[in-house]
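What follows is a single structure, written as structure tokens, with notes after it.
2 protein chains.
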Amino acid sequence: MKATYMYGAGDVRVVDVPDPSIQQPTDALVRVVRACVCGSDLHPYHSMPATPGGSPMGHEFIGVVEAVGADVTTLGVGDFVISPFAVSCGTCEFCRAGLQTSCLHGGFWSDAELGTAGAQAEAVRVPLADGTLVKAPIDETADDALLASLLTLSDVYGTGWHAAVRGGVTTGSTVTVIGDGAVGLLAVLSARQLGAGQIILMGRHQVRTDLGREFGATDVVAARGDEGIEQVRDLTGGLGSHIVLEAVGHRPAYDQALGAVRAGGVISRVGVPQYDEAPVGFGSLFGPNVTLTGGPAPVRSYIDQLLPAVLDGSVVPGRVFDRTMTLDETPKAYSAMDAREALKVAVRP
Amino acid sequence: MKATYMYGAGDVRVVDVPDPSIQQPTDALVRVVRACVCGSDLHPYHSMPATPGGSPMGHEFIGVVEAVGADVTTLGVGDFVISPFAVSCGTCEFCRAGLQTSCLHGGFWSDAELGTAGAQAEAVRVPLADGTLVKAPIDETADDALLASLLTLSDVYGTGWHAAVRGGVTTGSTVTVIGDGAVGLLAVLSARQLGAGQIILMGRHQVRTDLGREFGATDVVAARGDEGIEQVRDLTGGLGSHIVLEAVGHRPAYDQALGAVRAGGVISRVGVPQYDEAPVGFGSLFGPNVTLTGGPAPVRSYIDQLLPAVLDGSVVPGRVFDRTMTLDETPKAYSAMDAREALKVAVRP
């Protein structure tokens, strides 16, 4: 089958690989109906060292079950499924606590130890299928818009939701969202759903921030750094934002969050940090009693809650997809997202 | 009057200074009945550069009101009061939110801008007295044990309580407390009051950890670093502690907290950080969705809640004081605490 591999920074290729197969009795084999490229895929696209064997890419997909192992009990051939970006057993301490990203038996896609490949492919072997996959009551003839919205439950919508939930967004909160990528925009949507009163979106791309306004942003700040911080403070009575949702992952976004947050407030990060150390001392987090939270979203635990409104069309998170390409065109999807010509590209095998 | 000043690392002196006086109509003048030396006073005791003018010391005291300014409405001459370690107006956005340490008009003791001096003295001028001071229904003839317990409401008990509250301690929590100083021990007491099921106290001084056991610690880990982390993990089913209360402030304690906390858990810091940057990336906080919280405790907001059990003797936080010295002996109080000959020294002017 065809699958997408990255061989180094800027080097993405669609290659022929052996078809996946059931290897464990808890596996399922899923034919991919839609996959996509993630903002986080752009981090290795910028920095991956040359890797002769390549690395399979993609961690978001929806599809149809084609085969199941003998121990799979909740899924059958023909089921339409949403796959979270983390594989999880569903039964360990962390899965039961709703933190499937820390599953004691699971892991991520493209994980050598777990033997997972990538989702930007024609099919995917899914380990721990009962714990990982969520059935959706549709089939692949559903319209493109609905498929796109379902695909966001695989990562970006659940990730934006996680940011808002971990940030403690509630009725009347003042929320600042850093980043106008798909996750940032869906953090805006999530904050609105959770009742935020004021939602300030920090982003520089008007097409995106316009969508952010439609998702619920009350204000847009295009400036960055000290100027951006100043504008957020002006918009919040000089005190800063109760909650800052950081959906970028670069260190300047962390510093911007520190500047924008109110004393006693919360910085909730879902952008994968591209840094290890950062200020946490008296002058940054400690003195003003600012809480730092967030991490990889356990989207598996949010899908049941978010699915009904997606199915009935009352929220349309799939609007973050502005392009659809074929699997052969995946390299172009990376370059279009990297050049910010596309916000998020769906891949149709 | 006599007051304690620090002139550099290890150089504490009791000197004669002008008597304080009412300067603003919102001031009160308080005669100190008990003050004390704080673990955080030992940080400058180790590192303060030589300072010819010296710096007034002390931020914890209880005493009797001797005079009030014209605008003070809730206090009168003769009232017995507890003073939090932060001055606060009681009316701004942050005071109303219970975060008096971020008061828009307040500050700390020994603050040049606010014009405050230190509490290790015979008397103290208290700005914003209505917002800052809390009356207690006793007088200075109360017994030493009760005075000691009331004095902990000025800082260390409220700080331990803040750690536990911010950490989200609730019925059945597994809590690890790093540090067997007065704050760590009162974090143990607070965690017990809030219903923690397992409380692991990390500390090396048996006299202190024995008191920690009396306050509610179920386990004591004397080892530090990787060995200490390993022991905490062994005591928590290999998964780590839901909540870690960090009551030291040095970077190794931060690293120990990272090692001891469970995925999805909380590190709540109340030890004043003696570092600026620390790991916050994928391998430390982000990957396992660990929350970092805490800061200077708004003890003012906790006194009303904690006072009744102190007054009726059902909790005795004052047990953290193992010595009482006269004001003249304050330099000896510093050296005794620094040498760990004393846990916490009360100062009686």
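So the protein sequences, as listed, match chains R and X.
Numbering of the first sequence is given in this note's numbering, commencing with residue 39 and proceeding in unit increments.
Numbering of the second sequence is given in this note's numbering, commencing with residue 39 and proceeding in unit increments.
Don't be surprised by glycine CBs; every beta carbon is placed ideally from N, CA and C.
Spatial distance of residue i from residue j (CA atoms)
i	j	result
residue 255 of chain R	residue 282 of chain R	13 Å
residue 147 of chain R	residue 124 of chain R	7 Å
residue 107 of chain X	residue 371 of chain X	33 Å
residue 366 of chain R	residue 247 of chain R	30 Å
residue 50 of chain X	residue 308 of chain X	25 Å
residue 52 of chain R	residue 313 of chain X	47 Å
residue 211 of chain X	residue 135 of chain R	14 Å
residue 149 of chain X	residue 263 of chain R	30 Å
residue 344 of chain R	residue 93 of chain X	57 Å
residue 275 of chain X	residue 129 of chain X	47 Å
residue 164 of chain X	residue 340 of chain R	51 Å
residue 271 of chain R	residue 261 of chain R	13 Å
residue 227 of chain X	residue 175 of chain X	24 Å
residue 245 of chain R	residue 385 of chain R	21 Å
residue 295 of chain R	residue 193 of chain R	23 Å
residue 170 of chain R	residue 75 of chain R	20 Å
residue 73 of chain X	residue 221 of chain X	16 Å
residue 359 of chain X	residue 381 of chain X	7 Å
residue 113 of chain X	residue 205 of chain X	34 Å
residue 46 of chain R	residue 96 of chain R	15 Å
residue 268 of chain X	residue 351 of chain R	50 Å
residue 158 of chain X	residue 55 of chain X	12 Å
residue 291 of chain X	residue 215 of chain X	10 Å
Whole-number beta carbon distance between residue j and residue i, since they are thought to touch under 8 Å
i	j	result
residue 78 of chain R	residue 310 of chain R	5 Å
residue 64 of chain R	residue 167 of chain R	6 Å
residue 188 of chain X	residue 120 of chain X	6 Å
residue 325 of chain R	residue 132 of chain X	Their Cβ separation, rounded to whole angstroms, is 12 Å, which puts residue 325 of chain R and residue 132 of chain X out of contact at 8 Å.
residue 178 of chain X	residue 102 of chain X	6 Å
residue 330 of chain R	residue 207 of chain X	At roughly 19 Å, the Cβ-Cβ gap does not stay under 8 Å, so residue 330 of chain R and residue 207 of chain X are not in contact.
Interface flag, residue i vs chain X, CB-CB below 8 Å
i	result
residue 274 of chain R	no
residue 284 of chain R	no
residue 261 of chain R	no
residue 140 of chain R	yes
8 Å Cβ cutoff, residue i in contact with chain R
i	result
residue 222 of chain X	no
residue 131 of chain X	yes
residue 83 of chain X	no
residue 135 of chain X	yes
residue 277 of chain X	yes
residue 79 of chain X	no
residue 340 of chain X	no
residue 313 of chain X	yes
Element boundaries [beta strand (DSSP E), containing residue i]
i	result
residue 388 of chain X	For chain X, the structure presents residues 39 to 387; residue 388 of chain X sits outside this window and is missing.
residue 99 of chain R	99–106
residue 280 of chain R	279–284
residue 75 of chain R	Neither: residue 75 of chain R is in no beta strand (DSSP E) and is coded neither H nor E.
residue 364 of chain R	361–364
residue 242 of chain R	That residue, residue 242 of chain R, is in no beta strand (DSSP E); it is neither H nor E in DSSP.
residue 216 of chain R	212–216
residue 388 of chain R	The structure shown does not extend to residue 388 of chain R, since chain R is modelled only from 39 to 387, so the question has no answer here.
Alpha helix (DSSP H) segment containing residue i, residue limits
i	result
residue 289 of chain R	289–298
residue 178 of chain R	Careful: residue 178 of chain R lies outside any alpha helix (DSSP H) and carries neither H nor E.
residue 45 of chain X	Segment 40–46 is the beta strand (DSSP E) holding residue 45 of chain X; no alpha helix (DSSP H) there.
residue 222 of chain R	220–231
residue 118 of chain R	That residue, residue 118 of chain R, is in no alpha helix (DSSP H); its beta strand (DSSP E) goes 118–121.
residue 315 of chain X	No alpha helix (DSSP H) contains residue 315 of chain X, which is instead part of the beta strand (DSSP E) from 315–317.
residue 271 of chain X	263–273
residue 376 of chain X	368–376
residue 342 of chain R	338–349
residue 332 of chain X	Here residue 332 of chain X belongs to no alpha helix (DSSP H); instead the beta strand (DSSP E) covers 329–332.
residue 134 of chain R	131–134
residue 168 of chain X	167–170
Residue i: CB within 7 Å of a non-hydrogen atom of the ligand HEM
i	result
residue 58 of chain R	With respect to the ligand HEM, the structure offers nothing, as it holds no ligand at all.
Can you list, in chain order, the residues of the stretch 150–181 of chain X whose Cβ is nearer than 7 Å to any Cβ on chain R?
-> none
Could you please tell me which residues of the stretch 298–310 of chain X, in chain order, have their CB closer than 7 Å to any CB of chain R?
-> 301, 302, 307, 310
Contact set between the stretch 316–335 of chain X and chain R, restricted to residues whose Cβ is under 8 Å from the partner | 316, 317, 318, 319, 320, 321, 322, 323, 324, 325, 326, 327, 328, 329, 330, 331, 332, 333, 334
Along the stretch 225–255 of chain R, what residues have a CB closer than 7 Å to any CB found in chain X?
-> none
Going along the stretch 351–381 of chain X in order, which residues come within less than 8 Å of chain R, judged by CB to CB distance?
-> none
Select from the stretch 185–198 of chain R all residues with a C-beta closer than 8 Å to any C-beta belonging to chain X, and list them in chain order.
-> none
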